[in-house]
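Q: My questions will all concern the structure given below.
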């Protein structure tokens with residue numbers, strides 16, 4: 355959190371904006387927070403609860419592991435000089451983000467991490483297909499549980515902000531959150547510990563989001579769900595064509611597809627599943643995801659707050675369920691990808 359706050363302050367101070375523009379931005383943010391005080395309070399409480407639970411679980415895990423944490427992970431990776439020389443002759447795939455250690459007089463290894471500066475590097479083990487599959491299945495199962503719990507908490511916040519949702523609406527949110535979690539985890543697994551083009555990944559996630567939106571519409575149609583709108587958040591005199599919404603205002607197939615496709619295009623989901631992320635659960639990433647979903651819902655007039663609640667549940671689930679290598683076990687050595 356401190357690092358993200360520092361980045362935000364540096365970005366604000368270095369932004370090429372005049373003082374009046376900055377003042378207008380601050381006034382607009384304060385106005386939006388005041389208009390949505392119950393939601394902001396609910397999101398803050400939710401974040402504190404998840405962060406407290408994360409800290410508690412982490413403390414318990416650290417206490418159970420005990421002295422085992424003091425055993426260096428890379429000690430088992432020592433390779434004899436002859437074998438190391440033979441391995442260097444084998445051509446390595448350029449896409450695999452494995453840090454190649456170069457010996458120095460002090461025995462340390464140095465590697466530049468692009469935008470994050472220089473860090474001492476240690477090798478990363480490339481997992482076998484069986485290990486990756488086992489890891490993915492475990493992530494899918496655990497992610498489903500977390501997505502269901504997160505969706506339940508989102509529903510409680512939504513009930514506090516407005517009317518209580520029906521059973522059908524609750525079932526839709528849970529199923530949509532689980533489906534979104536699976537879509538992100540499966541897609542991001544192909545990019546794990548690999549470099550890649552950000553534009554191509556965004557395009558791929560947009561296609562995944564469109565498919566997820568179609569699935570969300572099928573679930574809503576099968577459950578006969580009507581997602582109510584938050585009229586206070588709708589932009590007046592801004593209406594889409596009848597292809598997106600029916601005469602009664604119900605969201606149709608194109609509205610689901612366009613909303614989820616745009617959301618998955620904007621959010622860098624692979625960053626939230628990266629094993630080398632700074633923390634297992636980033637509240638900053640969660641807040642940015644919910645904010646992006648809110649803006650997308652306003653753009654496509656998708657019923658608020660259903661898209662932000664779905665996106666928030668997916669963000670929490672994928673971060674909690676995806677693999678994460680603790681910074682202490684990396685020996686501060688792993689590269690961040692763009």
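In our numbering, the protein residues as written are 355 to 692.
Glycine included, every Cβ here is placed at the ideal spot set by N, Cα and C.
The alpha helix (DSSP H) that contains residue 543, what's its start and end?
A: As a first step, residue 543 is located in the chain shown; it is residue number 189 there, counting from the start. Looking at the DSSP string, the run of the alpha helix (DSSP H) that includes residue 543 is 521-543.
Q: Which value, in whole angstroms, describes the spacing of the CA atoms of residue 498 and residue 672?
A: Residue numbering aside, residue 498 sits at position 144 when the chain shown is read from its first letter. Residue numbering aside, residue 672 sits at position 318 when the chain shown is read from its first letter. If I take the Cα positions, the gap works out to 9 Å.
Q: Within its chain, find whatever has a CB closer than 8 Å to the CB of residue 496; leave out the 5 residues flanking it on each side and keep chain order.
A: Sequence index remark: in the chain shown, residue 496 carries index 142 (1-based). Excluding residues up to 5 positions away in sequence, 674 and 675 lie with their Cβ nearer than 8 Å to the Cβ of residue 496 in the same chain.
Q: So is residue 651 buried or exposed if we call it buried at 16+ other beta carbons inside 10 Å?
A: Taking the first residue of the chain shown as 1, we reach residue 651 at position 297. The residue in question, residue 651, is buried, as its Cβ has 16 or more Cβ neighbours within 10 Å.
Q: Would you call the stretch 549-561 and the stretch 502-514 in contact, with 3 or more CB pairs under 8 Å?
A: no
Q: State the Cα-Cα distance for the pair residue 666 and residue 484, rounded to the nearest angstrom.
A: Position 312 of the chain shown, counting from 1, holds the residue named residue 666. Position 130 of the chain shown, counting from 1, holds the residue named residue 484. One C-alpha to the other measures close to 31 Å.
Q: Would you say the stretch 537-545 touches the stretch 561-572, given that touching needs at least three Cβ pairs under 8 Å?
A: Flag = yes, the stretch 537-545 and the stretch 561-572 touch.
Q: When the Cα atoms are used, what is the spatial distance from residue 454 to residue 481?
A: In the chain shown, the residue the question calls residue 454 occupies position 100. In the chain shown, the residue the question calls residue 481 occupies position 127. In this predicted model, residue 454 has a pLDDT of only 40, less than 50, meaning its place in the structure is not dependable; the value taken from the coordinates is given anyway. Straight through space, the alpha carbons of residue 481 and residue 454 are spaced by roughly 16 Å.
Q: Note the first and the last residue of the continuous alpha helix (DSSP H) segment covering residue 631.
A: For this step, residue 631 is matched to residue 277 along the chain shown. Here residue 631 belongs to no alpha helix (DSSP H), and DSSP marks it neither H nor E.
Q: Any idea what DSSP makes of residue 622, helix, strand or coil?
A: Locating residue 622 in the chain shown gives position 268, where the first residue counts as 1. Here residue 622 carries a coil assignment [DSSP, helix/strand/coil].
Q: Closer than 8 Å by C-beta to residue 405: which residues in its own chain qualify, once you throw out the five before and the five after it? Chain order, please.
A: For the purposes of this step, residue 405 is taken as the residue at position 51 of the chain shown. Answer for residue 405: 635 and 637, listed in chain order.
Q: Can you name the start and end residues of the alpha helix (DSSP H) that residue 597 belongs to?
A: As a working mapping, residue 597 is identified with position 243 in the chain shown. Segment: none, residue 597 is in no alpha helix (DSSP H) and carries neither H nor E.
Q: So residue 664 packs on residue 530, CB below 8 Å; how close in whole Å?
A: If you number the chain shown from 1, residue 664 lands on position 310. If you number the chain shown from 1, residue 530 lands on position 176. The Cβ separation is near 5 Å, so the contact holds.
Q: In the DSSP output, which residue or residues are listed as bridge partners for residue 605?
A: Taking the chain shown and counting its residues from 1, the one referred to as residue 605 is at position 251. According to DSSP, residue 605 bridges with 599.
Q: Which residue wins for smallest C-alpha separation from residue 620, given the options 649, 633, 570 and 628?
A: Sequence index remark: in the chain shown, residue 620 carries index 266 (1-based). Relative to the Cα of residue 620, the nearest Cα in the group 649, 633, 570 and 628 belongs to 649.
Q: Apart from the five residues just before and just after residue 640, which ones in its own chain have a Cβ nearer than 6 Å to its Cβ?
A: Taking the chain shown and counting its residues from 1, the one referred to as residue 640 is at position 286. So the list reads 669, once near-sequence residues are dropped.
Q: To the nearest angstrom, how far is it from the Cα of residue 681 to the Cα of residue 628?
A: Sequence index remark: in the chain shown, residue 681 carries index 327 (1-based). Sequence index remark: in the chain shown, residue 628 carries index 274 (1-based). If you take the alpha carbons of residue 681 and residue 628, they lie about 13 Å apart.
Q: Give the secondary structure of residue 679 by DSSP, where H, G and I count as helix, E and B as strand, and everything else as coil.
A: Reading the chain shown from its first residue, position 325 is the one you call residue 679. Coil.
Q: Determine the DSSP secondary structure at residue 482, reduced to helix, strand or coil.
A: What you label residue 482 is simply residue 128 of the chain shown in a count that begins at 1. Coil, per DSSP.
Q: Measuring CA to CA, which of 578, 552, 522 and 561 is closest to residue 606?
A: Looking up residue 606 in the chain shown gives position 252. For the residues 578, 552, 522 and 561, the minimum Cα distance to residue 606 belongs to 578.
Q: Around the Cβ of residue 657, are there at least 16 other Cβ atoms within 10 angstroms (buried) or fewer (exposed)?
A: Locating residue 657 in the chain shown gives position 303, counting from the first residue. Label assigned to residue 657: buried.
Q: Between the alpha carbons of residue 526 and residue 570, how many angstroms are there, rounded?
A: The residue given as residue 526 occupies position 172 in the chain shown. The residue given as residue 570 occupies position 216 in the chain shown. The alpha-carbon atoms of residue 526 and residue 570 are separated by roughly 8 Å.
Q: So, residue 542 versus residue 624, is the Cβ gap smaller than 8 Å?
A: To locate residue 542, count along the chain shown from 1; it is residue 188. To locate residue 624, count along the chain shown from 1; it is residue 270. Taking C-beta atoms as the reference points, residue 542 and residue 624 count as a pair closer than 8 Å.
Q: Between residue 407 and residue 414, what straight-line distance do the alpha-carbon atoms span, to the nearest angstrom?
A: Sequence index remark: in the chain shown, residue 407 carries index 53 (1-based). Sequence index remark: in the chain shown, residue 414 carries index 60 (1-based). Taking the straight line joining both Cα atoms gives about 11 Å.
Q: Kindly indicate which three-state DSSP category residue 580 falls into: helix, strand or coil?
A: As a first step, residue 580 must be located in the chain shown, where it is residue number 226. Coil at residue 580, not helix or strand.
Q: CA-CA distance, residue 436 and residue 683?
A: Numbered from its first residue, the chain shown carries residue 436 at position 82. Numbered from its first residue, the chain shown carries residue 683 at position 329. Here residue 436 scores only 48 on pLDDT, less than 50, and its place in the model should not be relied on; the value that follows carries that caveat. Approximately 27 Å, taken between the alpha carbons.
Q: Which residue's Cα is closest to the Cα of residue 489: 519, 523, 544 and 508?
A: Counting from 1 along the chain shown, the entry for residue 489 is found at position 135. For the set 519, 523, 544 and 508, the Cα lying nearest the Cα of residue 489 is the one of 544.
Q: Give me the residue from 614, 600, 494 and 550 with the minimum Cα distance to residue 561.
A: Taking the first residue of the chain shown as position 1, residue 561 is located at position 207. Out of 614, 600, 494 and 550, 614 has the C-alpha closest to the C-alpha of residue 561.
Q: Consult DSSP for residue 518 and reduce its assignment to one of helix, strand or coil.
A: Sequence index remark: in the chain shown, residue 518 carries index 164 (1-based). Residue state, collapsed to three classes: coil.
Q: Determine, using beta carbons only, whether residue 609 and residue 599 come nearer to each other than 8 Å.
A: Within the chain shown, numbered from 1, the residue matching residue 609 stands at position 255. Within the chain shown, numbered from 1, the residue matching residue 599 stands at position 245. Going by C-beta atoms, residue 609 is nearer than 8 Å to residue 599.
Q: Reducing DSSP to helix, strand and coil, say where residue 673 ends up.
A: Against the chain shown, residue 673 aligns to sequence position 319. Of the three classes helix, strand and coil, the one that applies to residue 673 here is helix, per DSSP.
Q: Quick one: using the 10 Å Cβ neighbour count with 16 as the cut-off for buried, is residue 491 buried or exposed?
A: Taking the chain shown and counting its residues from 1, the one referred to as residue 491 is at position 137. Residue 491 should be labelled exposed.
Q: In three-state terms, what does DSSP make of residue 659?
A: In the chain shown, the residue the question calls residue 659 occupies position 305. Of the three classes helix, strand and coil, the one that applies to residue 659 here is coil, per DSSP.
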